[in-house]
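Below you'll find the structure, written out as structure tokens, and then a few comments.
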Amino acid sequence: PQWIIPADLLHCVPVDALKRTGLISFHQSRIFSFLDIVTLCRCAQVSKAWNVLALDGSNWQRIDLFNFQTDIEGRVVENISKRCGGFLRQLSLRGCLGVGDSALKTFAQNCRNIEHLNLNGCTKITDSTCYSLSKFCTKLKHLDLTSCVSITNSSLKGLSEGCRNLEHLNLSWCDQITKDGIEALVKGCSGLKALFLRGCTQLEDEALKHIQNHCRELVILNLQSCTQISDEGIVKICRGCHRLQSLCVSGCSNLTDASLTALGLNCPRLKILEAARCSHLTDAGFTLLARNCHELEKMDLEECILITDNTLIQLSVHCPKLQALSLSHCELITDDGILHLSNSTCGHERLQVLELDNCLLITDVTLEHLENCHSLERIELYDCQQVTRAGIKRIRAHLPDVKVHAYFAPVTPPPSVGGSRQRLCRCCIIL
Numbered sequence: 014p015q016w017i018i019p020a021d022l023l024h025c026v027p028v029d030a031l032k033r034t035g036l037i038s039f040h041q042s043r044i045f046s047f048l049d050i051v052t053l054c055r056c057a058q059v060s061k062a063w064n065v066l067a068l069d070g071s072n073w074q075r076i077d078l079f080n081f082q083t084d085i086e087g088r089v090v091e092n093i094s095k096r097c098g099g100f101l102r103q104l105s106l107r108g109c110l111g112v113g114d115s116a117l118k119t120f121a122q123n124c125r126n127i128e129h130l131n132l133n134g135c136t137k138i139t140d141s142t143c144y145s146l147s148k149f150c151t152k153l154k155h156l157d158l159t160s161c162v163s164i165t166n167s168s169l170k171g172l173s174e175g176c177r178n179l180e181h182l183n184l185s186w187c188d189q190i191t192k193d194g195i196e197a198l199v200k201g202c203s204g205l206k207a208l209f210l211r212g213c214t215q216l217e218d219e220a221l222k223h224i225q226n227h228c229r230e231l232v233i234l235n236l237q238s239c240t241q242i243s244d245e246g247i248v249k250i251c252r253g254c255h256r257l258q259s260l261c262v263s264g265c266s267n268l269t270d271a272s273l274t275a276l277g278l279n280c281p282r283l284k285i286l287e288a289a290r291c292s293h294l295t296d297a298g299f300t301l302l303a304r305n306c307h308e309l310e311k312m313d314l315e316e317c318i319l320i321t322d323n324t325l326i327q328l329s330v331h332c333p334k335l336q337a338l339s340l341s342h343c344e345l346i347t348d349d350g351i352l353h354l355s356n357s358t359c360g361h362e363r364l365q366v367l368e369l370d371n372c373l374l375i376t377d378v379t380l381e382h383l384e385n386c387h388s389l390e391r392i393e394l395y396d397c398q399q400v401t402r403a404g405i406k407r408i409r410a411h412l413p414d415v416k417v418h419a420y421f422a423p424v425t426p427p428p429s430v431g432g433s434r435q436r437l438c439r440c441c442i443i444l
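Residue numbers for the sequence shown follow this note's numbering, so the first one is 14 and each next one is one higher.
Shown next, in the form of structure tokens:
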């Protein structure tokens, strides 16, 4: 059955009062503190005593309403905020389309100790919500506003004034944000460690200059599909954010090897680089990167169409911690490049995921090389036309736990015999 938030969330007797009557023991209340939200809702329907115990605010410090998203309206959020009050530390309203500014204003007024708030996909909210958070929720550290498309620069100005403890902010697909909003944000929230700006298509290099000047503690930066960003902006980030460990520039098609050079010379702690569809990057840039960034664990190089086996040779020699590598649509990669990778330290000990979709020069020989990669968990081989079922069968015999994803087109039916009419194509017969 589907369990919903109990309607009487507002109308419970305080637990302390019931403890004084002897109806509830300390041990019972302690046990309830370990229950998840669904179990608490079930327990609340057992008896009055259990209802009080289950709905006590101290048990609701962390709430995730994603599984209830279709049922959650503003009234529920208001009731929860009044019941939980200062106890609530984490709330996820991800996907709760029915929640708007009014409910979140009440929430902000009542839950002033909130530290983590996820509003991903709450498309009704506007700048008004951020004003409320700025005014009442000064302890906020983690805020997710993904796809809150009505958010503008005014929200960022408000957050910078009242939520100066922010460490993690997700503004993905808030496409009204511009460099002016970023400037206002980072001046007040200089302690940001993670900033997600995917799909903020109005951002230019000047926005990254502001981040460089104020966010020295930045560890994670996501600029996916920020199509106006160029090498100039990435160079600024690298020169100002030396602690950077994760950078996503997938879809930033203006970038060249100058960006990789800046990363290599300034960001030695880099662990994750996602550069899919950056088609101007070459072996020269990745060579310098690999020789300086020995902590690399994950790289997405899909559609970096200019790279060759030389990039794999450098990664094999200099990046022993590499665990996941995507080379899909890198059509110059051959079996020789995979040989170097599989014979390296990362190949023997670390490599878990290798994506080779549409690498047309890859053959069954690659699968033979990968038999040395004992940590391998998944291989992607879609549209690798020289890879055969026999080759996949062999690697599965050596690595029985590996998942191999591939596609083989169905065999074309033989020509029909008899009185069928002329066919439109080899696979079709008109009867």
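In this text, a Cβ means the ideal position worked out from N, Cα and C, and glycines have one as well. Predicted, not measured: the structure shown is a model, and the values here were computed from it.
Can you tell me where the beta strand (DSSP E) holding Gln258 begins and where it ends?
Counted from its first residue, the sequence shown places residue 258 at position 245. Unbroken run through Gln258: none, as it is neither H nor E.
At the level of alpha carbons, what is the spacing between Ala410 and Gln365?
Here residue 410 is taken as the residue at index 397 of the sequence shown, counted from 1. Here residue 365 is taken as the residue at index 352 of the sequence shown, counted from 1. Ala410 and Gln365: Cα-Cα distance of roughly 17 Å.
Residues in its own chain within less than 7 Å of His227 by CB, not counting five upstream and five downstream?
Against the sequence shown, residue 227 aligns to sequence position 214. Around His227: Val199, Lys200, Ser203.
Just mark His342 as buried or exposed, buried being the case when its beta carbon has 16 or more other beta carbons within 10 Å.
Position 329 of the sequence shown, counted from the start, is the residue given in the question as residue 342. It counts as buried.
Going along the chain, which residues of its own chain have a beta-carbon closer than 8 Å to the beta-carbon of Asp114, five neighbours each way excluded?
Along the sequence shown, one-based indexing puts residue 114 at 101. Answer for Asp114: Lys137, Ile138, Thr139, Ser141, Thr142, Ser145, listed in chain order.
Per-residue burial, Lys152 [other beta carbons within 10 Å of its own, 16 or more giving buried]:
Here residue 152 is taken as the residue at index 139 of the sequence shown, counted from 1. So Lys152 ends up on the exposed side.
In the region 161-208, which residue ranges form an unbroken alpha helix (DSSP H) of at least 4 residues, counting only runs that do not cross its ends?
166-175, 192-201
Burial state of Phe299, where buried means 16 or more other Cβ atoms lie within 10 Å
On the sequence shown, position 286 is the one that residue 299 refers to. Buried, because 16 or more other Cβ atoms sit within 10 Å of the Cβ of Phe299.
Between which residues of its own chain and Lys222 is the CB-CB distance below 8 Å, once the five residues before and five after are set aside?
Mapped onto the sequence shown, residue 222 falls at position 209. Counting only Cβ-Cβ distances below 8 Å, and skipping sequence neighbours, we find Gly246, Lys249.
Looking only at its chain, what residues have a beta carbon closer than 6 Å to the beta carbon of Gly171, apart from the 5 residues adjacent to it on each side?
Position 158 of the sequence shown holds residue 171. Result list for Gly171: Cys143, Tyr144, Ser147, in chain order.
Length of the line joining the Cα atoms of Leu169 and Asn323
The residue you call residue 169 lines up with position 156 of the sequence shown. The residue you call residue 323 lines up with position 310 of the sequence shown. Roughly 44 Å between the two C-alpha positions.
Closest to Arg107 by C-alpha separation, out of Asp77, Ala116, Arg125, would be which residue?
Counted from its first residue, the sequence shown places residue 107 at position 94. Nearest option by C-alpha distance: Asp77.
In this structure, how does DSSP classify Asn10 when only helix, strand and coil are distinguished?
With the chain represented from 14 up to 444, any question about residue 10 goes unanswered, as that position is not in the structure.
Where does Thr425 land, buried or exposed, given buried means 16+ other C-beta within 10 angstroms?
The residue you call residue 425 lines up with position 412 of the sequence shown. Per the 10 Å Cβ criterion, exposed.
Starting from Arg282 and walking both ways along the alpha helix (DSSP H), at which residues does that stretch end?
Here residue 282 refers to the residue found at position 269 of the sequence shown. Looking at the DSSP string, Arg282 is not in any alpha helix (DSSP H), and its letter there is neither H nor E.
Compare the beta carbon distance of Glu287 and Cys251 with 8 Å and say whether it is the shorter of the two.
Along the sequence shown, one-based indexing puts residue 287 at 274. Along the sequence shown, one-based indexing puts residue 251 at 238. Not in contact: Glu287 and Cys251 (Cβ atoms no closer than 8 Å).
Measure the C-alpha to C-alpha separation of Glu180 and Leu205 and round it to an integer number of angstroms.
As a position in the sequence shown, residue 180 is number 167, starting the count at 1. As a position in the sequence shown, residue 205 is number 192, starting the count at 1. Straight-line Cα distance between these residues: approximately 4 Å.
Within its chain, find whatever has a CB closer than 7 Å to the CB of Cys265; leave out the 5 residues flanking it on each side and keep chain order.
As a working mapping, residue 265 is identified with position 252 in the sequence shown. Excluding positions up to five away in sequence, the list reads Leu236, Cys239, Thr240, Ile242, Cys291.
Burial state of Pro19 (16 or more Cβ within 10 Å):
In the sequence shown, residue 19 corresponds to position 6, counting from 1. Any reading at Pro19 needs caution, since the residue's pLDDT is 46, under 50, leaving its predicted position unreliable; the model's value is listed next. Result: buried.
Residue of Ile233, Cys317, Lys192 minimising C-alpha distance to Phe209
In the sequence shown, residue 209 corresponds to position 196, counting from 1. Considering only alpha carbons, the answer is Ile233.
Just how far apart, CA to CA, sit Asn371 and Asp377?
Start at 1 with the first residue of the sequence shown, and residue 371 comes out as number 358. Start at 1 with the first residue of the sequence shown, and residue 377 comes out as number 364. Asn371 and Asp377: Cα-Cα distance of roughly 14 Å.
Across which residues does DSSP place Gly111 in a beta bridge pair?
Indexing the sequence shown from 1 puts residue 111 at position 98. Glu86.
Comparing C-alpha positions only, which one of Ile405, Cys176, Ile164 sits nearest to Phe149?
For the purposes of this step, residue 149 is identified with residue 136 of the sequence shown, where counting begins at 1. When each option's Cα is compared against that of Phe149, the closest is Cys176.
Pick out whichever of Gln399, Val330, Arg304, Arg88 has its Cα sitting closest to the Cα of Gly111.
Position 98 of the sequence shown holds residue 111. Of the listed residues, the one whose Cα sits closest to Gly111 is Arg88.
I need the straight-line Cα distance from Pro413 to Gly360, nearest angstrom please.
Along the sequence shown, one-based indexing puts residue 413 at 400. Along the sequence shown, one-based indexing puts residue 360 at 347. Taking the straight line joining both Cα atoms gives about 17 Å.
Indicate whether Thr269 and Leu294 have their beta-carbon atoms separated by less than 8 Å.
Numbered from 1 along the sequence shown, position 256 holds the residue referred to as residue 269. Numbered from 1 along the sequence shown, position 281 holds the residue referred to as residue 294. In this structure, Leu294 lies closer than 8 Å to Thr269 by Cβ.
Arg407 and Leu367 - do their beta-carbons sit closer together than 8 Å?
On the sequence shown, residue 367 is found 354 positions in, with the first residue counted as 1. On the sequence shown, residue 407 is found 394 positions in, with the first residue counted as 1. No, the Cβ-Cβ distance between Leu367 and Arg407 is not below 8 Å.
DSSP beta-bridge partners for His3?
Here the chain covers residues 14 to 444 and nothing more, so residue 3 does not appear.
Given Phe79, which residues of its chain have a CB within under 7 Å of its CB, disregarding the five upstream and five downstream residues?
Within the sequence shown, numbered from 1, the residue matching residue 79 stands at position 66. Cβ within range, chain order: Ser105, Arg107, Gly108.
From what residue to what residue does the alpha helix (DSSP H) around Gln327 run?
For the purposes of this step, residue 327 is identified with residue 314 of the sequence shown, where counting begins at 1. Looking at the DSSP string, the run of the alpha helix (DSSP H) that includes Gln327 is 322-331.
Would you report the Cα separation of Thr34 and Thr119, rounded to the nearest angstrom?
Counting from 1 along the sequence shown, the entry for residue 34 is found at position 21. Counting from 1 along the sequence shown, the entry for residue 119 is found at position 106. Summary for Thr34: the model assigns pLDDT 46, below 50, so the residue's position carries little reliability, and this model does not support an answer.
With respect to the alpha helix (DSSP H) encompassing Ala337, which residues constitute its N-terminal and C-terminal limits?
Translated into positions along the sequence shown, residue 337 becomes position 324. Counting along the chain, Ala337 falls outside any alpha helix (DSSP H), though it belongs to the beta strand (DSSP E) covering 337-339.
Relative to the C-alpha of Ser185, which residue among Ile93, Asp193, Leu156 is closest?
Looking up residue 185 in the sequence shown gives position 172. Considering only alpha carbons, the answer is Leu156.
Measuring only the C-alpha atoms, how far is Leu338 from Leu325?
The residue you call residue 338 lines up with position 325 of the sequence shown. The residue you call residue 325 lines up with position 312 of the sequence shown. Each residue's Cα considered, the two are about 10 Å apart.
With distances taken between CB atoms, is the gap from Leu283 to Cys306 smaller than 8 Å?
By one-based count along the sequence shown, residue 283 stands at place 270. By one-based count along the sequence shown, residue 306 stands at place 293. Yes.
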